[in-house]
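Peer 1:
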Amino acid sequence: MKRTGPTNPLLKELIRDLNRYKTKLWKDVAKRLERPSRRRARVNVAKFQRYCKDGEKIVVPGKVLGYGAIMKKVEVGAFQFSRDAKRKIEEAGGKVLELKEFAEKYKDGKGIRIME
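For what it's worth, this note's numbering labels the leading residue of the sequence shown as 504, then goes sequentially.
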């Protein structure tokens with residue numbers, strides 16, 4: 504079967520924009536976003552609590568879900584967020600950014616961690 508790639512026009516534009524940055528991080532994130540939606544990352548906020556440090560910057564090439572608790576102040580950029588995930592991260596003092604905004608803010612890609 505012929506591979507067609509993402510059909511969501513917003514996702515196509517995001518992938519194109521990420522590939523324009525010349526860093527390995529953003530090219531890797533763009534490649535991960537090209538996966539079929541059923542293989543794209545889905546990360547619960549409990550994973551941030553378990554594996555991240557306070558003040559860390561995290562990018563999720565997929566969706567952040569709201570299962571679990573978080574008490575750390577992390578800055579998260581992702582393609583999608585559930586309502587609960589946004590609420591929990593912001594209540595913990597963290598920041599929630601759409602992936603496009605996150606990439607523009609951190610063009611160099613330094614100090615950012617990819618979570619899947």
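All residues carry an ideal CB built from backbone N, CA and C; glycine is no exception.
Let me check understanding here. Comparing Cα to Cα, which of Ile-592, Tyr-554, Lys-603 and Gly-614 lies closest to Arg-523?
Peer 2: It is Lys-603.
Peer 1: Can you list, in chain order, the residues of its chain with a C-beta nearer than 7 Å to that of Gly-558? Leave out the 5 residues immediately preceding and following it.
Peer 2: Cβ neighbours of Gly-558 beyond the five flanking positions: Lys-576.
Peer 1: Would you check if there are 3 or more beta carbon pairs closer than 8 Å linking the region 580–590 to the region 545–563?
Peer 2: Yes, they touch.
Peer 1: Could you check the C-alpha separation between Gly-623 and Lys-505 for me, to the nearest Å?
Peer 2: As shown, the chain starts at 504 and ends at 619. That puts residue 623 outside it, with no answer to give.
Peer 1: Specify, as a first and last residue, the run of the alpha helix (DSSP H) that Asn-522 falls within.
Peer 2: Start and end: 512–523.
Peer 1: With which residues is Phe-584 paired in a DSSP beta bridge?
Peer 2: Val-567, per the DSSP bridge assignment.
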